[in-house]
Amino acid sequence: MKLLKSLVIALSLLVSGAAFAAAELGKDYSLLNPPQPTESKKIEVLEFFFYGCSHCFHLHPLLSKWEKTMPKDVELTFVPTIFRDSWEPMARTFYALESMGQQQQLHDALYKAWNVDNNQLLEEDKIRDFVSSHGVDGAKFSAAYNSFSMQSKVARAKQMIRSYNISGTPTLVVDGKYVIEGLQPEDTIRVLKEMIAIARKTHRS
Numbered sequence: 017m018k019l020l021k022s023l024v025i026a027l028s029l030l031v032s033g034a035a036f037a038a039a040e041l042g043k044d045y046s047l048l049n050p051p052q053p054t055e056s057k058k059i060e061v062l063e064f065f066f067y068g069c070s071h072c073f074h075l076h077p078l079l080s081k082w083e084k085t086m087p088k089d090v091e092l093t094f095v096p097t098i099f100r101d102s103w104e105p106m107a108r109t110f111y112a113l114e115s116m117g118q119q120q121q122l123h124d125a126l127y128k129a130w131n132v133d134n135n136q137l138l139e140e141d142k143i144r145d146f147v148s149s150h151g152v153d154g155a156k157f158s159a160a161y162n163s164f165s166m167q168s169k170v171a172r173a174k175q176m177i178r179s180y181n182i183s184g185t186p187t188l189v190v191d192g193k194y195v196i197e198g199l200q201p202e203d204t205i206r207v208l209k210e211m212i213a214i215a216r217k218t219h220r221s
């Protein structure tokens, strides 16, 4: 009985140690080369995402939960990813809603539309009807969606995709240096916390 108890304790410690093992360079994260300048005095966390990405959808609840309790010296910024022309309408939607102060209000709904309801929002009319059904002024949305400033925001997103060498979604970049991609949602959050702790040691506010 004592031997069995000892084995159980040893196994528990082993599992616990594996669960809290330090993130490994080349396995859990990579270094961005060259590093990119950040736009915030805080530790910047960028999430490159696409609403139609199932992996982004599965990460979203955990990232949202983390966001509610993230450290005060950290800032989370979403970057809609545009790998092909058909993805641009969702980038425009994100920035239009952001300019209207209603991006957070529809963030969950847009993920659900794509990944649960199989509602592929690719045309402006369809998108306008969708956001209108969620309480957004359709006319104001279309004005923002087609505004002159939208061109620069979309161009900026495309430039960031190139500068940060983004090849898939979701991808997190911490402090312009540490890249997290291809992990399970729980591991992504675990490594994110570790990268923030590392970045804090060298970050200049």
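Start counting the sequence shown at 17; every next residue gets the next number (this note's numbering).
Idealized CB from N, CA, C, for every residue including glycine.
For clarity, every value in this text was computed on a predicted model and none was experimentally measured.
Local Cβ density within 10 Å of residue i, reported as buried at 16 or more and exposed below that
i           : result
residue 184 : exposed
residue 71  : buried
residue 164 : exposed
residue 108 : buried
residue 132 : exposed
residue 38  : exposed
residue 44  : buried
residue 186 : buried
residue 160 : buried
residue 200 : exposed
residue 171 : exposed
residue 100 : exposed
residue 136 : exposed
residue 41  : exposed
residue 155 : exposed
Short Cβ contact (9 Å threshold) for residue i with residue j
i           : j           : result
residue 105 : residue 140 : yes
residue 67  : residue 126 : yes
residue 175 : residue 150 : no
residue 63  : residue 91  : no
residue 190 : residue 166 : no
residue 213 : residue 98  : no
residue 46  : residue 194 : yes
Residue i (DSSP reduced to helix, strand or coil)
i           : result
residue 189 : strand
residue 195 : strand
residue 97  : coil
residue 152 : coil
residue 140 : helix
residue 23  : Bear in mind that the predicted position of residue 23 carries a pLDDT of just 44, short of 50, making it unreliable; the figure below should be weighed with that in mind. Residue 23 falls in the helix class under three-state DSSP.
residue 171 : helix
residue 118 : coil
residue 180 : coil
residue 203 : helix
Sufficient close CB pairs (3 or more, under 8 Å) joining the stretch 178-195 to the stretch 52-67 = yes
Enumerated in chain order, which unbroken segments of the beta strand (DSSP E) with a length of 3 residues or greater are wholly contained in the stretch 41-95?
-> 59-65
Contact between the stretch 203-213 and the stretch 70-86 (3+ Cβ pairs under 8 Å) | yes
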